[in-house]
Amino acid sequence: VSKRKAPWSERLVAALLCKGDLAEEQLDAQPCSTAELFRFASCWERLSFAIGIICAALCGMLMPLNTVYSGMVADIYLKAGDQTTGNHVVMDQVFFIIYLYAATAALQLILSLIQQYLLLTTTNSLVDKLRREFVSAVLRTEAAALDATSAGKMSSLLNENIDKIRDGLGEKIALVVRGLGMFLLSIGLSFFFNWKVTLCLVPLGPACAMVMGLNGKYSSSSIKQQMEASTTAAAIVEESIMNVKTVAACNGQEDMVKRYSSYLSTSAHLGARVHLISGFFEGTFFFTIYLFSIASMLIGVPDAHNGGSDPGSVIVAYGCVLLGTYYLGTVGPFMMALLKARISAAVIYQTIDQANGPEELHETVEKLRGKITFANVHFKYPTRETAVLKGLSWSVKAQQTVALAGHSGCGKSTTIGLLSKLYDKASGSITVDGREIASIDRNILRRNIGVVSQEPCLFNGTIRENIVLGRVWNGAVSVEERLKQVTAIAQAAHFIEKLDKGLETVLGDGGIALSGGQKQRIAIARAIFMDPSILILDEATSALDVQSERKVQEALNEASLGRTTIMIAHRLSTLKNADLIYVLDKGVVAEQGSHEALISAGGIYARMAEKQTLGVDDGRKPTTKEDKPFNHALERHPSLRGDHTLTPREVEKAAESVSKKSSFLRVYSHTHAKQIWITVIMAALRGLEIPYYIVLMGLLYETLNAPATEYWPLLIVFCITSILMGLAVWITLTGAYYYSGLCSEGIMAFIRQQILRKVLHRNAEYFDRPETSNATIVNDINQHSGALIAGLDHRLVLFVWCSSSFITCLVYSLVAKWEIGLMGLAASIVFFLLLAGLFYLMTMFMERESRASRTAELALEILEQTRTIQIMSVEEYFEKKYSKSQEEIKSIKNKVTVVQSFIYAFTQASAFFFGLIAFAAGAEYVFDGDLSPLVLYLIGISIEFSGCCLSFVNPTFPDFVRANTAARILYAYFDLPDEMDVGEDKIELTGEFAVTNVEFAYPTRPEHKVARQLCISASSGESIALVGASGCGKSTLIGLFERFYEQSQGTIKLDDVDHRKLSMHNLRRQIALVGQEPVLFQGSIMDNILLGCDELTIEDVRKACRMANAATFIEDLPEGYDTEVGSKGRSLSGGQKQRIAIARALVRKPKILLLDEATSALDGESEKVVQEALSVAAQGRTSIAITHRLSSIKDCSRIYFIGDGTVIESGTHEELIASNGKYASYVKAQSLN
């Protein structure tokens, strides 16, 4: 976005209305107009909002009438002099004013209620629409644009900007309009009553606004930097919790917490600085008010004594302008909120407009035949320096099967991205059925392409929903029959039928209830559900066992009839039956031909095939024994996370206990007593300003009532007292804001840090529970942390200040005339009971909304899996799903709005009601001679101002309710038990282990055992392999080794020591895991490799990378090991990511190396080099490999074939081949001969 200088009007607003940081924020976006905030509003919503604004303006115009009415009462008594006792005329005049109080109070109540309800309802509707439009836009954003960011940052951008829009459009815009209306009417009324006093005070408004403008100017850079630090911190939470398995396996919890803490500390430091600046300039603002008030009285009082004006008019003019100016000053932050809303809307609109550009004209075609041609195609990823494709040319006829082979990073998967229009080529031609794909509608093209990617992605929902995804099936058979067909083709029907709910079984976030192979089979069923013309299999069977792969391959061969199939695989046994194989190298086609022809040519393909040769005797008859069906398919949980085990009941009890006792008041238990007490004392002293102001008004009353020859001494006392009060307010505000900033920012950094630390140390079961799924936790931490701070920051200062003023005013009224004070106290009690009931309802509804809402988790899931959604052309389905999630909580939100509107209305009308009570009761006492008019006036404005205090503090009430809800949610994590890592921390392992009679069932499915009397062993330095069907329990054993779960029976001994006796840190320090799906975090390659072991050097990293065959490509990058990998490592290919993951394991020099499909993403050549490196690295350490690619384990010391959770056969490769059992049948299925 181009950086444009703001027009002079914007700069004037920036200078006058505390918007000094506008210029800085425009670096990101030029603010849209206020009208443009309503781009997506309906006519009815625009009308509702306009009515709400009109009501707000009228409410503001009613506010100065408080001062007018009390001034008129004072004027009546001043004119009456000593003739007030028994004077019915005076009594009637006063009661006329009291009737005006009553009428104005009723009108204020009604208008405030209408205003708040209409504005909040419209705002809620608008922000819901903006959320939908944003999510929809992201789903239609080019992949190249998405590469430059991450799902965590996109989610943070959405939530933070939407919150600012909600903040600026809702109550804040009403306060702006109300404040401006109040100021303008105050000026008008003061001119009407006393133009001389008004002229002295008019410059006060701009002067005070300019003081607050300096506040914005000096705090702007800190605010911007704080927002950036906060956004980055939110992204760290997202990636660490969503990939907590990798973090735990690397002992990287503290590394992640340190990274998070560093950004939180930066944010806290900047936040405290902003508080200090705000307090200083706000104190200056009030000091300026008192200076101008002195000037006005030096003119107004002598003028009244000289007969130039009525004494009461001086009080009215002084009170009106002072009150109006006060509100003008408070409008500054609200105007700031509106301007920030405009900037946030501009940022949101950038994403929306980027996706919703002018629609291109496309040829109309519904069904493609599948003839594909690439001609001299060049392409470079925007995030990389070097080109990936450098003149790629290949073609495939309709209904033909071709394969793309080659080393990792050669451009195979990139080709698929171009064909599906995820990316646009730089040059060259890509045609389908002779048409340039640029001329074919993107959605039509993608609906004709079925893709099964290298890393399967499932969504939180039922198996049925994951396969259908809202797509309309118009085939000859029914939807149910089609589901049976595709699940059978994908070899998924068998394990689905074993589930209690079958297709209606709900999968957790990311499909955590399925094994890798099971997820892949669901993904295959999903890809062929719509009977696509083109089927793309990008490592589609990489996660399948040999038996399933063979069956799936046969089924896919059958499914390929009538459609074009493009296969990408490193396991060449899956490619050998393709009609044509293209071998890619350095972005071009290096070889092409059939499997046999390429083998005969002796080139790149032949060398790759040689490295995958298993040496099986083709003449040997495979076993005819059928595989025993596995009854426990849904058993492997890739969510192997955490370490401290809690039973479900323990977690439930902890959650129940916390939900009952936690409120936002708990944050005070973390504060430094000195800081919080200084904050409270300073705020309480600052709250004495209003009672002090009442004393000043009494002094002014006496000055005006004094004889003409005696008023000057009183006037001088008035001036000196005003200066002292201004100085006191200045000092107390600065101190209160600064210490509240230290408290709030420091405490929130501490709480967030502790929550992340405790969450990262949880066990796998914790994340498997729906209420504590990964996405839910991420949303809770990032969304609710900001709300919890309300009890500590400037809102605490405002609350204590108003409470101090409220109590002091009531105490003064009780001392001055206890009967009237008691009435004011009784009214306050009734008022607070009413508010307490409304707050109870509001809290209850907000908690219901928080529990029922899934919009944030769903948005994060959509943003995380945008590519998968795009390539399947199911954007509309997820848009509707997201919209439905919003509708589900709409009724609860409406209830919150109604209650919030009543709270607002009562607090805004409270000053009139309280003034009504005070003057009505006091007039009777004055009439009877039991009370002087001066004391009545002071009591009246005291009780009236106690009502004003409720009005001032009202904006904080919803924040406190939200803080209370946030506390209940966040403290459920904060109160989790600390990690009990009490095992041996000094034991050094040799690598020997023995698994004896181990039994295990996942806590979420205790009735189904995954391990049954499982026994395996290895001596130090041996390499063993685990082979078997997907879901048979291989990866479960890896999880038990890492102690992500604990076995129910049996033992796992390391060097004759029960592995549960070792501390978690010591155990994982000596065991390294390379998982099935490589996970990289935002940061440099160096940061990713050194995760959890900062004590190592760059030389250690280089050595590990050379062993993992990663050093060459890393050192060829312009920034080498400092290269940023991007979100999820998107700037690297799948094979490159996997090699970095292997390097991350090897750099730790582990005694036991766990390889769960560690080489599945590598090409044959790279795999051989890595295997050789692992063989060298295995000296002095033990390795356990899980793989479906049997060529990578043929040299292992021992191979265990596992089925149904137990060992079926074991031995060396040669021994198992000779026994002609299950392993031998698997080997033959993968033979290239």
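Take the position in the sequence shown, starting the count at 1, then add 122; the result is the number in my numbering.
Every residue, glycine too, gets a C-beta built ideally from N, C-alpha and C.
Computed from a predicted model, the values in this text were never measured in an experiment.
Same chain, Cβ closer than 7 Å to residue 1053, five either side skipped, listed in chain order: 939, 1044, 1047
According to DSSP, simplified to helix, strand and coil, what is residue 1137? strand
Going by C-alpha distance, which of 264, 180, 1116 is nearest residue 474? 264
So, helix, strand or coil for residue 1271, using DSSP? coil
Nearest chain B C-beta to residue 1215 closer than 8 Å, yes or no? The displayed structure is made up of one protein chain only, and chain B is not part of it.
In terms of alpha-carbon separation, which member of 1206, 841, 281 lies closest to residue 1240? 1206
Same chain only: Cβ atoms within 6 Å of residue 1201, ignoring 5 sequence neighbours per side: 365, 368
State the start and end residues of the unbroken alpha helix (DSSP H) segment that holds residue 243. 210-261
Is the CB-CB distance between residue 1137 and residue 1325 below 8 Å? no
Can residue 703 and residue 534 be called in contact, C-beta distance under 8 Å? no
Please state the DSSP three-state secondary structure of residue 126. In this prediction, residue 126 has a pLDDT of 45, which is less than 50 and means its spatial position is unreliable; nothing more can be read from the coordinates.
For residue 1216, I'd like the list of residues in its chain whose CB is within less than 6 Å of its CB, leaving aside the five on either flank, ordered along the chain. none
Closest by C-alpha distance to residue 519, when choosing among 492, 507, 498, 530: 492
Ordered along the chain, which non-local residues of its own chain (more than five positions away) have a Cβ less than 6 Å from that of residue 1307? 1147, 1277, 1315
Could you pull the start and end residues of the alpha helix (DSSP H) that residue 609 belongs to? 601-611
Can you grab the Cα-Cα spacing for the pair residue 554 / residue 685, in whole Å? 13 Å
Cβ contact check for the region 382-390 and the region 1229-1236: 3 or more pairs under 8 Å: no
Helix or strand or just coil, what does DSSP make of residue 689? strand
Return the chain-ordered ranges of every beta strand (DSSP E) run that is complete within the region 1050-1119 and spans a minimum of 3 residues. none
Would the region 423-442 and the region 251-262 be scored as touching if the rule is three or more Cβ pairs under 8 Å? no
So what does residue 714 bridge to, in DSSP terms? 704
Which value, in whole angstroms, describes the spacing of the CA atoms of residue 1083 and residue 188? 29 Å
Whole-Å CB distance - residue 859 paired with residue 916, under 8 Å assumed: 6 Å
Using the Cα positions of residue 183 and residue 316, report the straight-line distance between them to the nearest angstrom. 18 Å
Near residue 224, what residues of its chain come up, given a Cβ to Cβ distance below 7 Å and the 5 sequence neighbours on each side ignored? 1038
Best match in 1213, 459, 1327 for proximity to residue 1158 [C-alpha to C-alpha]: 1327
Please report how far the alpha carbon of residue 582 lies from the alpha carbon of residue 300, in whole angstroms. 46 Å
Among the residues of its own chain, which have a CB less than 7 Å from the CB of residue 585, if the five just before and after it don't count? 618, 625, 627, 629, 644
Straight-line gap, residue 855 to residue 173 (C-alpha atoms, nearest Å): 37 Å
In the DSSP assignment, find the unbroken alpha helix (DSSP H) run with residue 1325 in it and report its ends. Element bounds for residue 1325: not the alpha helix (DSSP H) but the beta strand (DSSP E), 1320-1325.
Looking at residue 682 and residue 490, is the spacing between their C-beta atoms short of 8 Å? no
Please specify which runs of the alpha helix (DSSP H), each continuous and at least 4 residues long, are wholly inside the region 813-889, giving them in chain order. 833-882
From 294, 308, 1269, 164, pick the residue whose C-alpha is nearest to that of residue 186; which is it? 308
Residue 983 and residue 886 - do their beta-carbons sit closer together than 8 Å? no
Where residue 516 sits in the DSSP three-state scheme: strand
Would you check if there are 3 or more beta carbon pairs closer than 8 Å linking the region 423-430 to the region 354-363? no
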